[in-house]
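Let me begin by presenting the structure, written as structure tokens, before commenting on it.
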Amino acid sequence: MENVIEMLRKLIGEGYEGEAWDETHESVDNVLDDYKPEGYAVENVDSTFEDGGRWTNYKTDVYKVMQDDGKVAYFQIGREVPATEMQDGMDFSVTIDEVAPKEVVRIEYVYGRSA
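No gaps in the numbering here: position 14 of the sequence shown is 48 in our numbering, and each next residue is one more.
Shown next, in the form of structure tokens:
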């Protein structure tokens, strides 16, 4: 069995920032989406999208990588993506980091009377 988690860690180092679809981004994307050796699985566990402005938006995906030896790691890919249909496929920049899940409790304010 290949250690896919260590392979991803070597590709991104302490965290990676670069151009979309450069060699490192392509390699990470291939490991998460295309490369399927025995003994590991990948699941997209979170996806968010933020409006950025007239020209760019921000898309973030978190992937859970599970190996048969019990090791689990999470990797987050943040992409600056085009905001118009004329720019489709022209992603701008990317960040790739290893992340860890943490439960967070927050208060939301909804319509209604408080007293």
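We put the CB at the ideal spot given by N, CA and C, even for glycine.
If I'm right that residue i touches residue j with Cβ under 8 Å, what's the distance once you round it to whole angstroms?
i: A54; j: N91; result: 13 Å between Cβ atoms; not a contact.
Taking just the CA atoms, how far does residue j sit from residue i?
i: T94; j: Y50; result: 14 Å
i: E137; j: Y108; result: 14 Å
i: G86; j: M120; result: 16 Å
i: N37; j: G104; result: 11 Å
i: V19; j: I111; result: Outside the shown range of the chain (35 to 149) lies residue 19, about which nothing can therefore be said.
i: E72; j: S148; result: 55 Å
i: M100; j: E57; result: 24 Å
i: D131; j: L42; result: 10 Å
i: V62; j: G52; result: 12 Å
Let me know if residue i comes out buried or exposed under the rule of 16 or more other beta-carbons within 10 Å of its beta-carbon.
i: V79; result: exposed
i: R88; result: exposed
i: V22; result: No statement about residue 22 is possible, as the shown extent of the chain runs from 35 to 149 and does not include it.
i: V139; result: exposed
i: V133; result: exposed
In the DSSP output, what is residue i paired with across the bridge?
i: E53; result: S127
i: P116; result: T90
i: K150; result: Residue coverage of the chain in this structure runs from 35 to 149, which leaves residue 150 outside it and unanswerable.
i: V133; result: Y108
i: T82; result: T94
Practice item. Would you check if there are 3 or more beta carbon pairs closer than 8 Å linking the stretch 58 to 71 to the stretch 137 to 148? Key: no
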